[in-house]
Amino acid sequence: MIKFRDDIAPKTVANFEKLAKSGFYDGTIFHRIMPGFVIQGGDPNTKSGSRDTWGTGDAGYTIPPEFSNLKHTKYTVSMARGSDINSASSQFFIVLGDAPWLDGKYTIFGEVISGQDVVDKIASIKTDSSTNQPLDPNEARMDKVAIQSSETQSPTATNTSSSVIGIK
1 MIKFRDDIAP KTVANFEKLA KSGFYDGTIF HRIMPGFVIQ GGDPNTKSGS RDTWGTGDAG
61 YTIPPEFSNL KHTKYTVSMA RGSDINSASS QFFIVLGDAP WLDGKYTIFG EVISGQDVVD
121 KIASIKTDSS TNQPLDPNEA RMDKVAIQSS ETQSPTATNT SSSVIGIK
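Anchor point for the sequence shown: position 93 equals 93 in the numbering used here, and the numbering is continuous, going up by one each time.
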């Protein structure tokens with residue numbers, strides 16, 4: 001389960017929620033698996049495109065970066081992008097270990113708050129060493145991405161709404 005940080009990256013969270021609710025992520029795979037670094041998913045090309053297109057797909061538009069002072073620590077969720085800082089769209093990654101070189105360069109929009117064992121299991125899937133793609137894509141498939149609301153308590157407000165994601 002991923003807790004979103006809409007207090008830090010509201011546009012990014014809204015984009016992710018919109019895509020998830022529309023079924024955009026359903027059936028996609030974590031197409032980039034680099035143990036100790038990241039697992040990356042959210043590319044629609046992984047549903048039916050050839051492997052050489054994996055990592056190049058998007059939602060057909062981009063969203064602006066929302067950089068913050070948050071750090072890329074283990075289980076942080078961040079938007080993937082190309083060399084252009086304004087190229088984030090649908091792809092995201094989960095950090096598997098501290099990655100300070102990403103800080104301030106990629107939009108952090110959540111953190112894995114439960115199911116870390118699932119993240120670690122995905123990170124251990126056998127991959128092609130030249131592409132970091134899973135040898136068996138079905139092992140890294142996101143069958144259904146669901147959004148649900150939860151109520152949290154904070155020192156400054158009660159009943160503040162936050163969103164979480166569940167990936168099956």
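All residues carry an ideal CB built from backbone N, CA and C; glycine is no exception. Here the structure is a predicted model, which is why all the values come from computation and not from measurement.
Below 8 angstroms, enough C-beta pairs join the stretch 32-45 and the stretch 84-103 to call them touching: three or more. Close CB contacts of glycine 115 within its chain, under the 6 angstroms cut and outside five residues either way in sequence, are with Met1 (chain order). As summarised for the stretch 87-122, the continuous beta strand (DSSP E) elements at least 3 residues long and confined to that stretch are 92-95 and 108-112, given in chain order. When secondary structure is reduced to three states using DSSP, phenylalanine 37 falls in the coil class, being assigned neither helix nor strand. Here DSSP, grouped into helix, strand and coil, assigns proline 65 to coil.
Taking a contact as a CB-CB distance under 8 angstroms, the pair proline 35 and alanine 123 counts as one, their CB atoms being some 5 angstroms apart.
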